[in-house]
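Asker: Take this structure, written in structure tokens, and hold onto it; I'll ask about it next.
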Amino acid sequence: MSTGADRRTALVTGGTSGIGRAIVEHLGRAGMNVAFTGRNSERGAEVAASVRGTFIRADASDRSQCDRSVDQALAALGGRIDLFVSNAALVFAAPLEQTPEPAFREVLEVNLTAAFRYSRACFETMRAQGGGSIVHIVSDAAIRGIHHIPAYSISKAGLLALSEALAAEGAPHGVRVNAICPGAVFPGVQSTIEGYDHHAEDASTWGPAPSGRHGKADDIAEAVLWLASGAAEHVSGATLRIDGAASAATRAIARA
5 MSTGADRRTA LVTGGTSGIG RAIVEHLGRA GMNVAFTGRN SERGAEVAAS VRGTFIRADA
65 SDRSQCDRSV DQALAALGGR IDLFVSNAAL VFAAPLEQTP EPAFREVLEV NLTAAFRYSR
125 ACFETMRAQG GGSIVHIVSD AAIRGIHHIP AYSISKAGLL ALSEALAAEG APHGVRVNAI
185 CPGAVFPGVQ STIEGYDHHA EDASTWGPAP SGRHGKADDI AEAVLWLASG AAEHVSGATL
245 RIDGAASAAT RAIARA
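Here it is, written out as structure tokens:
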């Protein structure tokens, strides 16, 4: 099935590893002209070479770098952004009572504030050009707060609200906005706050979903590709759970 992605442009944040890298690679293979951000220049150059895309070094915790990277993306993509994927994220594993306020603020800065700034800038561009698509990579943690990563859960709940609010604003202008809520994906969010490596999430403790496996980055990337396509032209304000029925099974257990 044709995705209609050829010759279109995309900006992806956090595109050098995990889910973000898979998204960049899938979009590139579909024929899109892709610019993507990240902090690791070596990995960025590797991904850019594989998709003939444009790597833009930017730290999502630095507002000036975020703003500048949108301008750089527009320059690289010929002045258009047809698709924006907000993927950059940090995780911080600790109970709230053991979460330092500076760490909490940085999680919010990267996972929510940076997503807001990027989304707002891309929304303005899309409205001016007559339309576009925004996809926020959220998390099942936004819907059911996960006790060992509460700061992450809180930030992702805010991102889900942002996605729905922007969908309502964008609809009259041809700007579609949707959220994807992955369950346990391996590899998923790999970054934590600098100096807090012992607060990274331990993926070895995850059990499989009812489907019998963990999610894969490719599962999420394929969904992004569909949401960006003409096949999803009437899909906006949606929240797509990709978790192998994990959330459904949790609800069933709770009702039992």
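In the working numbering, each residue carries its 1-based index in the sequence shown increased by 4. We put the CB at the ideal spot given by N, CA and C, even for glycine. What you are looking at is a predicted structure, and each value in this text was computed from that prediction instead of being measured.
1) Going by DSSP, which residues form a beta bridge with ILE138?
2) Could you give the uninterrupted runs of the alpha helix (DSSP H) lying entirely in the stretch 95–119, keeping only those of 4 residues or more?
3) Rounded to whole angstroms, what is the Cα-Cα separation between ARG43 and ASP63?
4) Does the Cβ of ILE224 lie closer than 7 Å to at least one heavy atom of the ligand SAM?
5) Could you tell me whether the stretch 51–68 touches the stretch 13–32, using the rule of 3 or more Cβ pairs below 8 Å?
6) Determine which residues share a DSSP beta bridge with PRO186 and list them.
7) Is the separation between the beta-carbon of LEU244 and that of ALA221 shorter than 8 Å?
8) If I follow the unbroken alpha helix (DSSP H) through GLY24, where does it start and stop?
9) If you draw a straight line from the alpha carbon of HIS202 to that of SER240, how long is it in whole angstroms?
10) Tell me the rounded alpha-carbon separation between SER157 and THR117.
11) Just tell me which of ARG33, ASN115, CYS126 has its CA closest to the CA of ALA165.
12) Taking its Cβ as the centre, do 16 or more other Cβ atoms sit within 10 Å of MET130, making it buried, or is it exposed?
13) So for ARG47, helix, strand or coil by DSSP?
14) For SER21 and GLN133, I'd like the C-alpha separation in whole angstroms.
15) Taking the alpha carbon of ALA155 as the reference point, which residue from GLY135, GLN102, ARG12, GLN76 has its own alpha carbon closest?
16) DSSP on THR13, reduced to helix/strand/coil?
17) Rounded to whole angstroms, what is the Cα-Cα separation between SER233 and GLY19?
18) From which residue to which residue does the alpha helix (DSSP H) around GLY74 run?
19) Taking all protein chains shown into account, decide if GLU113 is buried (16 or more other Cβ within 10 angstroms of its Cβ) or exposed.
20) For ALA232, does the three-state DSSP call read helix, strand or coil?
21) In angstroms, rounded to a whole number, what distance separates the CA positions of GLN76 and GLY136?
22) So, does the CB of ARG84 fall closer than 8 Å to a CB anywhere in chain D?
23) Can you name, in chain order, every residue of its own chain whose Cβ lies under 6 Å from the Cβ of ALA14, other than the five neighbours on each side?
24) Just to confirm, is the Cβ distance from ILE224 to ILE153 under 8 Å?
25) Return the chain-ordered list of same chain residues with a C-beta closer than 6 Å to the C-beta of LEU163, the five sequence neighbours on each side being excluded.
Answerer: Walking through what the data contain:
1) ILE138 is bridged to PHE88, VAL181.
2) Runs of the alpha helix (DSSP H) inside the stretch 95–119: 105–112.
3) Here the alpha carbons of ASP63 and ARG43 stand approximately 5 Å from one another.
4) The ligand SAM is not among the ligands present in this structure, which contains no ligands whatsoever.
5) Three or more Cβ pairs drawn from the stretch 51–68 and the stretch 13–32 lie within less than 8 Å of each other, which places the two stretches in contact.
6) Beta-bridge pairing by DSSP links PRO186 to ILE246.
7) No, they are not a contact pair.
8) Judged by DSSP secondary structure, GLY24 falls within the alpha helix (DSSP H) whose first and last residues are 22–33.
9) Its pLDDT being 49, under 50, HIS202 is placed unreliably in this model, and the coordinates cannot settle the point.
10) Cα to Cα, the separation comes out at about 14 Å.
11) Nearest C-alpha to ALA165: ASN115.
12) Result: buried.
13) Collapsing the DSSP output to three states places ARG47 in a helix.
14) In a straight line, the C-alpha of SER21 is about 30 Å away from that of GLN133.
15) Minimum Cα distance to ALA155 is reached at GLN102.
16) In the structure shown, THR13 sits in a strand (DSSP, three-state: E or B).
17) Straight-line Cα distance between these residues: approximately 20 Å.
18) The question names Gly, but residue 74 is Val in the sequence shown. Annotation: the continuous alpha helix (DSSP H) that includes VAL74 extends over 67–80.
19) Classification for GLU113: buried.
20) The DSSP-derived three-state label of ALA232 is coil.
21) Taking the straight line from one Cα to the other gives about 18 Å.
22) In the structure shown, chain D cannot be found, because there is only a single protein chain.
23) In the same chain as ALA14, and ignoring 5 residues on each side of it, the C-beta atoms closer than 6 Å to its own belong to LEU31, MET36, VAL38, LEU87, in chain order.
24) Contact flag unset, no.
25) Same-chain partners within the cutoff: LEU116, ALA119, HIS140, VAL142.
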